[in-house]
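Take a look at the structure below.
2 protein chains.
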Amino acid sequence: MTERQTQHPQRGRAPTLIDVAKVAGVSPITVSRALNQPERVSEKARAKVTAAVEKTGYLPNMLAGSLATQSSRLVALIVPTIANPIFAETVRAITETLEQAGYQTLLGLSGYSEAQEQDLLEAILCRRPDGIILTGLNHTDISRTRLKAAAIPIVETWDLGDQPLDALVGFSHLDVGRSVGQYLLNQGHRRFAAISADDQRAEDRLAGFIQVLDEAGISPDAVERLETPARFSQGRQAFARLLEQEIRAEAVYCSSDTLAQGVLTEARARNIDIPGDMALIGFGDLDFAAHTLPSLTSVQINGAEIGYRAAQHLLSAMTGEHPPTEPVTIDVGFQIVKRDSA
Amino acid sequence: MTERQTQHPQRGRAPTLIDVAKVAGVSPITVSRALNQPERVSEKARAKVTAAVEKTGYLPNMLAGSLATQSSRLVALIVPTIANPIFAETVRAITETLEQAGYQTLLGLSGYSEAQEQDLLEAILCRRPDGIILTGLNHTDISRTRLKAAAIPIVETWDLGDQPLDALVGFSHLDVGRSVGQYLLNQGHRRFAAISADDQRAEDRLAGFIQVLDEAGISPDAVERLETPARFSQGRQAFARLLEQEIRAEAVYCSSDTLAQGVLTEARARNIDIPGDMALIGFGDLDFAAHTLPSLTSVQINGAEIGYRAAQHLLSAMTGEHPPTEPVTIDVGFQIVKRDSA
DNA sequence: TTGAAAGCGCTAACAG
DNA sequence: CTGTTAGCGCTTTCAA
């Protein structure tokens with residue numbers, strides 16, 4: 001009398017394709033086809049399946065599906081942080097674009113650390129993503145090896161360089177720094193101070209800035225370097241330190257809008273008018289900067305565009321529209337924008 | 001002469017457990033055990049397996065593993081947006097906590113829409129997450145049905161209420177509104193204006209605010225309602241509209257720091273001193289507000305704490321430390337903080 | 001401590 | 001248009 005009921009789906013077990021097939025009175029494969037390639041099934045069968053799915057509350061098990069198909073419809077995305085709105089925008093654009101194409105996004109936060117990125121990568125690659133989007137060009141050797149072994153489309157973002165793993169969507173940080181320097185020189189400034197975070201891309205921008213000053217025979221009066229991620233309050237403090245050292249620059253370069261905002265706040269507290277008494281330049285996302293830094297100049301990056309282009313490229317690579325491509329580089333550019341004073 | 005090579009892992013195919021087993025000279029199951037329960041395997045076998053893994057560059061296929069184990073080590077997380085730093089913090093805290101416990105996070109952005117949440121849910125539940133974290137208490141009926149059918153631990157966040165699906169980690173938005181009203185009344189203010197977004201939680205806060213004024217026999221001179229997500233510039237414009245209507249409140253209530261910041265900017269442009277001439281109160285994350293709104297009062301929420309507690313609860317539920325629990329409610333609270341002027 | 005057999009839920013390939 | 005068979009890569013019995 002201990003016979004188990006196998007007539008209808010058991011309590012506590014999610015209904016499977018087989019349960020649906022039984023209820024619909026067709027074979028499992030017909031259910032599978034009705035769900036995934038409806039055009040390859042008679043209208044009658046389709047109706048029976050639809051009803052059975054409804055009745056059982058069936059939800060496909062994608063773990064099984066992906067295993068059989070060898071395609072997970074999953075994309076891995078690794079960014080340093082989402083606390084910085086500039087990356088939040090990129091993440092949003094990517095998830096949105098991929099979602100529409102039927103892909104899900106597995107998010108990893110590396111905290112600007114290559115080691116952490118490597119750990120994330122190991123965990124994530126086990127899930128067999130169909131593609132992967134990374135931030136920057138710097139990865140550990142082990143990461144590079146694993147990525148190559150995974151043999152899936154890769155897009156690196158937020159930078160430009162010679163040796164991308166696969167596709168690359170970004171802009172040149174050295175050029176950003178150079179442009180900023182040139183811009184400030186053109187404004188007639190000759191005495192500079194710089195406040196910069198110490199991650200690779202911020203360093204690249206700073207290097208460009210210093211390079212262009214150097215070409216004009218100028219070197220900055222002071223360079224303050226802060227640990228990434230550099231916060232508002234650190235920017236404020238760094239500027240205060242400069243003032244205490246009697247450094248009176250005509251223009252202050254900041255590696256990010258966040259830092260520039262700190263400088264702005266400290267300047268206000270000391271009745272230094274920006275941009276009247278001193279030029280101040282930041283770097284960040286169009287939207288964010290417009291909202292929080294209405295009274296200064298900034299290098300504007302379109303985080304969303306980077307995301308869209310990266311996702312679109314990845315999609316076309318994953319759906320195999322082009323064969324194992326040559327590495328592609330997309331330069332999304334940047335611009336220096338002078339906003340009205342608040 | 002068209003015989004296929006099956007001797008060693010083929011090019012283009014990722015090595016499997018069986019490949020590793022062959023190289024190691026043991027059975028597949030021994031490899032599995034060496035990897036997942038090393039203590040149940042002889043030291044000798046373990047060494048052989050480790051070497052073979054190294055040599056083949058083997059990476060476990062979690063799709064297969066999860067299918068066999070019926071456990072994905074995946075957690076679904078749905079938030080309205082990550083553009084708002086308050087949610088970004090929660091997301092960070094959650095992914096970090098789960099990562100340490102060996103879980104990955106599948107992120108969905110609902111854009112404050114229940115319909116979109118439902119779509120995300122359908123896609124995500126197909127991947128058989130072991131647990132799920134949602135924002136707020138409002139879900140479509142279909143979402144509720146699916147969530148119950150999934151039979152996995154659920155944590156709802158950012159709100160408090162009577163009918164949680166399972167666990168609940170948040171605070172009372174009505175109480176926030178009431179506290180703000182009481183605070184401003186205690187300061188001696190009697191003429192108020194309110195600028196609020198129109199999502200459920202902002203509406204709840206506003207209702208609390210109006211309620212407490214009402215109890216004091218006061219009604220606000222004006223209430224501006226903005227569509228969620230409400231941006232900086234809209235807050236600024238809303239305040240400008242109030243001024244044009246000759247509404248001169250002693251205190252302005254804003255449903256978020258972002259809006260308050262817009263008001264602050266417009267006030268500065270018109271030489272209205274905050275908090276000297278007019279009180280202004282916002283709502284948001286401690287860190288964010290401290291960075292961007294140094295000169296006003298704000299209700300402070302700890303987004304990271306909500307994330308930590310939610311993730312911790314979910315972990316203990318998933319690892320089955322407690323049996324199918326009674327619904328748990330965790331009130332993380334909030335506080336009103338007056339900051340120094342910049 | 002190790003292995004053989006069976007199966008997780010689904011779909012590709014082939015037949016009918 | 002529909003069904004049968006076999007297998008995706010792993011782990012769970014159970015037995016040696």
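Same order as they appear, the protein sequences are chains A and B.
For the first sequence, full-length UniProt numbering begins at 1 and goes up steadily by one.
For the second sequence, full-length UniProt numbering begins at 1 and goes up steadily by one.
Virtual Cβ for every residue (Gly too), placed ideally from N, Cα, C.
List, from N- to C-terminal side, the beta strand (DSSP E) runs of 3 residues or more that fit wholly inside the region 192-280 of chain B. 192-197, 222-226, 251-254
Using the three-state DSSP reduction, which class does Leu160/B fall into: helix, strand or coil? coil
Beta-carbon proximity list for Leu280/A, same chain, < 8 angstroms, skipping 5 on both sides: Ala251, Val252, Cys254, Ala260, Val263, Leu264, Ala267, Ile274, Leu296, Thr297
Rounded straight-line distance, which links the Cα of Leu120/A to that of Ser110/A: 7 angstroms
Ala317/A: buried (16+ other C-beta within 10 angstroms of its C-beta) or exposed? buried
Helix, strand or coil, according to DSSP, for Ser298/A in the structure here? strand
Name the two residues that bound the continuous alpha helix (DSSP H) containing Gln187/A. Counting along the chain, Gln187/A falls outside any alpha helix (DSSP H), and DSSP gives it neither H nor E.
With three or more beta-carbon pairs closer than 8 angstroms as the criterion, would you say the region 57-68 of chain A touches the region 56-70 of chain B? yes
Quick check on Leu168/A: does DSSP put it in helix, strand or coil? strand
Is there a Cβ from chain B that is less than 7 angstroms from the Cβ of Ala93/A? no
Taking Cβ-Cβ distances shorter than 7 angstroms, what residues in chain A pair up with Ser66/B? Leu63
Give the secondary structure of Ala83/A by DSSP, where H, G and I count as helix, E and B as strand, and everything else as coil. coil
Nonlocal neighbours in the same chain, by C-beta distance under 6 angstroms from Thr258/B, ignoring five residues either side: Phe232
Within the region 106-133 of chain A, note down every full alpha helix (DSSP H) run reaching 4 residues or more, in order along the chain. 114-125
Could you list which residues in chain B have their beta carbon closer than 8 angstroms to that of Ser32/A, in chain order? Going along chain B, no residue has its Cβ under 8 angstroms from Ser32/A, so there is no contact; the nearest lies around 14 angstroms.
Residue range of the beta strand (DSSP E) that Thr16/A falls in? Counting along the chain, Thr16/A falls outside any beta strand (DSSP E), and DSSP gives it neither H nor E.
Is there at least one Cβ from chain A nearer than 7 angstroms to Gly57/B's Cβ? yes
Gln335/B versus Ile301/B, Leu74/B, Thr90/B, residue with shortest Cα-Cα distance: Ile301/B
Please report the distance separating the alpha-carbon of Ile142/B from that of Thr30/B. 44 angstroms
Taking C-beta to C-beta, are Val20/B and Arg33/B nearer than 7 angstroms? no
Is the number of C-beta pairs between the region 209-227 of chain A and the region 177-193 of chain A that are closer than 8 angstroms three or more? yes
Contacting positions in the region 111-133 of chain A - beta carbon closer than 8 angstroms to chain B: Leu120, Glu122, Ala123, Ile124, Leu125, Cys126, Arg127, Arg128
Cβ contact check for the region 50-59 of chain B and the region 114-131 of chain B: 3 or more pairs under 8 angstroms: no
Same chain only: Cβ atoms within 8 angstroms of Gln5/B, ignoring 5 sequence neighbours per side: With a pLDDT of only 33 at Gln5/B, under 50, the local geometry of the prediction cannot be trusted, and the value read off the model is given with reservation. Here the set comprises nothing.
Looking only at its own chain, which residues have a Cβ that is under 6 angstroms from the Cβ of Arg236/B, when we skip the five neighbours before and after it? Gly262, Thr265, Glu266
Give the straight-line distance between the Cα atoms of Ser72/A and Leu213/A, rounded to the nearest whole angstrom. 50 angstroms
Chain B contact for Ala60/A (CB, 7 angstroms cutoff): Strictly speaking, residue 60/A in this sequence is Pro, with Ala absent from that position. Yes, Pro60/A counts as interfacial toward chain B.
Report yes or no: is there a C-beta of chain A within less than 7 angstroms of the C-beta of Ile82/B? yes
Through-space distance from Gly303/A to Thr90/A, alpha-carbon basis: 5 angstroms
Backbone secondary structure at Ala140/B - three-state DSSP: Note that residue 140/B is Thr in the sequence shown here, rather than Ala. Correct three-state label for Thr140/B: coil.
Would you decide whether Lys22/B is buried or exposed? Buried here means 16 or more other CB atoms lie within 10 Å of its CB. buried
Can you find a CB in chain B that lies within less than 7 angstroms of the CB of Leu109/A? yes
Beta-carbon within less than 6 angstroms of Ala93/A's beta-carbon, same chain only, minus the 5 sequence neighbours each way: which residues are those? Ala304, Gly307, Tyr308
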